[in-house]
Structure formats: structure tokens, C-alpha cells
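**Student:** According to the working numbering, the sequence shown is numbered sequentially starting from 628.
If you scroll down you'll find the structure; I have some questions about it.
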Amino acid sequence: RPARPSGRKVTPQGPRKLIATTAARDALRRHILGIQLTMDADLDWPLLPLHALVEGAVNRRGAVTRQKRPATEGPLPLSGIRILDVASFIAAPVAATVLGDYGADVIKVEPPGGGDPNRTIAVVASGYPKSAVNYPWHLDSRGKRSLVIDLKNAQARAAFDRLIATADVLITNYPLAARQRLRLDYEGVAKVNPRLIYASFTGYGETGPDADQVGFDTTAYFARSGIMDGARYDDAVPAVTMPAQGDRAAG
628 RPARPSGRKV
638 TPQGPRKLIA
648 TTAARDALRR
658 HILGIQLTMD
668 ADLDWPLLPL
678 HALVEGAVNR
688 RGAVTRQKRP
698 ATEGPLPLSG
708 IRILDVASFI
718 AAPVAATVLG
728 DYGADVIKVE
738 PPGGGDPNRT
748 IAVVASGYPK
758 SAVNYPWHLD
768 SRGKRSLVID
778 LKNAQARAAF
788 DRLIATADVL
798 ITNYPLAARQ
808 RLRLDYEGVA
818 KVNPRLIYAS
828 FTGYGETGPD
838 ADQVGFDTTA
848 YFARSGIMDG
858 ARYDDAVPAV
868 TMPAQGDRAA
878 G
């Protein structure tokens, strides 16, 4: 948000696990309803139990395997920083992906059911070439852990608040009205973690006549800017752009 200072100095403290001990893991299981955990990057990967998220990864057959991080010359710039990706589709999640590329620990929070609709965009969007690999999801969600939480459930929300308390940055592009209902606006999360950096993505800003409208790549980026009108032949209709060019540039 414009009113939120973003110059806070963050001291890296090293990578942190979501659940550090068996006791904490079991306590979280007892007190959370409506939560599932997954590290999947493909639609057909199974949802995993909590210990699998913390202790391993998952292979193509759904088996839990140990994670192996490639050796580097030193820690990445954002190592030890925790990012909560509470967003959908592309622009805001891409911002979290870039931070993850620089070493941040990115946890993606998704709604129950189908999760982020971007999981199925390769199937439903006509602009993507058909492939057996869900490459748009890989492109936008690489390097993240995924946590499915029903924010409408009181006990699940309590668990989400505990997660907020451990985070350094929260990124969201939920519609403003939905944020208020879910207490996902800045005022709602700052009560839990006053030091949290809040990154808000909107199509048309948080104030003004269009603040409540949902912004999409074609409408908010290409059409309203005039790019779509300029990208056409004489006497032809405006060109239809390839998916998410503006979204990924914004993120």
C-alpha cells in the first residue's frame, strides 16, 4: 500500500521451516480444520500430509522424497525472508516467484477446492499451446510451497494468523471487498504482525471509481492502455494478445 513504509531493514536469519518440531506439527494438526498441504506443481499430484511438506518433496508418483538444494557459493540475497503468496492467477504470484528466485522462502496460500485458478489456465485458456506439461503453472509457481487454507473457517484462520506472525512480506491481489471480508486487508493482517510488509496488487488502484473492479491482462493492461487498439492492421479489429504478457511484466 502507498501509505505503508517499505524501507524496513530485514536481517536474514537463515532458512526457516514451516513446522520445526514434531510437537508443533501435531499441535497444528489438532487445532486446524479445513487445511490441506501440498508441494505439487502439476494438477494430478496428491495433497500431502503436513510432515511431507516440511520434511520432503514429492515425485511424479506421489512418493515423498528428501529435498536436495543445489550447492551455491553462498546464501542468496533474500535467504531467511518468508513471503506469503496469498494471491491468484499471475501478476501478484509472479512477484512472489521473483522473490523466491532470490532465495526467499515463499509459501503460497490457496483456497480449498481447486486452489489457485491458475492451476488450470493451460487447459481453459485458448492462447496457450497444448502440452502434457502444465508449463504456465511451473513458470508462475516454481520454488514455492503450497498451503491450502479455508480463510472462512475460524480455526483455519487462527492457523493462518500464526503463519502471518512468522512472515516478513504478504502479497495479495484479492479484490478489495474480499480482503475486507476475509480480514486480508492491511489493517486485518497488521494487527497480527505490525512489522509485516504488505504488497497490494490491484487492476485500477485502491481508490477511485474503478477500485472495486477486477483487472485482467487483456482489459486492464492492453485494452485500457490503448496497446490493443494500436496492435492491429488498418481496418482490422484489435489484436488479441497472448496470455498474461502484462501480468508477468507487472509482477
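The beta-carbon is built from N, C-alpha and C at its ideal position, and this holds for glycine as well.
1) Buried or exposed: where does Ala805 fall if 16 or more other Cβ atoms within 10 Å of its Cβ makes it buried?
2) With 16 as the cutoff for other CB atoms within 10 Å, does Gly741 come out buried or exposed?
3) Could you pull out every unbroken beta strand (DSSP E) segment of at least 3 residues lying fully inside the stretch 792 to 850, listed in chain order?
4) Quick check on the burial criterion: 16 or more other C-beta atoms within 10 angstroms. Buried or exposed for Ser827?
5) Give me, in chain order, the residues of the same chain whose beta-carbon lies closer than 8 Å to that of Pro865; leave out the 5 immediate sequence neighbours on both sides.
6) Going by DSSP, what residues sit across from Arg789 in a beta bridge?
7) Evaluate Tyr825 with the Cβ neighbour count: other Cβ atoms within 10 Å of its Cβ, from every protein chain shown; 16 or more gives buried, anything less gives exposed.
8) Give the secondary structure of His774 by DSSP, where H, G and I count as helix, E and B as strand, and everything else as coil.
9) Where does Val746 land, buried or exposed, given buried means 16+ other C-beta within 10 angstroms?
10) Going straight from the alpha carbon of Trp764 to that of Pro739, what length do you get?
11) Tell me, which residues are paired with Lys757 by DSSP?
12) Which partner residues of Val736 appear in the DSSP bridge assignment?
13) By the 10 Å Cβ neighbour count, where 16 or more other Cβ atoms means buried, how is Thr834 classified, buried or exposed?
**Tutor:** From the atom records:
1) Taking the first residue of the sequence shown as position 1, residue 805 is located at position 178. So Ala805 counts as exposed.
2) Locating residue 741 in the sequence shown gives position 114, counting from the first residue. Per the 10 Å Cβ criterion, exposed.
3) Whole beta strand (DSSP E) segments, 3+ residues: 796 to 799 and 824 to 827.
4) As a position in the sequence shown, residue 827 is number 200, starting the count at 1. Around the CB of Ser827, 16 or more other CB atoms lie within 10 Å, so the residue is classed as buried.
5) Counted from its first residue, the sequence shown places residue 865 at position 238. Around Pro865: Ala850, Met855, Asp856, Ala858 and Arg859.
6) In the sequence shown, counting from the first residue as 1, residue 789 sits at position 162. In the DSSP assignment, Arg789 is bridged to no other residue.
7) For the purposes of this step, residue 825 is identified with residue 198 of the sequence shown, where counting begins at 1. Within 10 angstroms of the beta-carbon of Tyr825 lie 16 or more other beta-carbons, which makes it buried.
8) What you label residue 774 is simply residue 147 of the sequence shown in a count that begins at 1. The question names His, yet the displayed sequence has Leu at residue 774. Leu774 falls in the strand class under three-state DSSP.
9) Mapped onto the sequence shown, residue 746 falls at position 119. Before going on, a small fix: residue 746 reads as Arg here, not Val. A buried status is given to Arg746, since no fewer than 16 other beta-carbon atoms sit within 10 Å of its beta-carbon.
10) Residue numbering aside, residue 764 sits at position 137 when the sequence shown is read from its first letter. Residue numbering aside, residue 739 sits at position 112 when the sequence shown is read from its first letter. Using only the alpha carbons, I get a separation of about 18 Å.
11) Working through the sequence shown from its first residue, we reach residue 757 at position 130. Looking at the DSSP assignment, Lys757 forms no beta bridge with any residue, so it has no partner.
12) Here residue 736 corresponds to residue number 109 of the sequence shown, with the count starting at 1. DSSP lists Leu774 as the bridge partner or partners of Val736.
13) To locate residue 834, count along the sequence shown from 1; it is residue 207. Counting of Cβ neighbours within 10 angstroms places Thr834 among the exposed residues, the total staying below 16.
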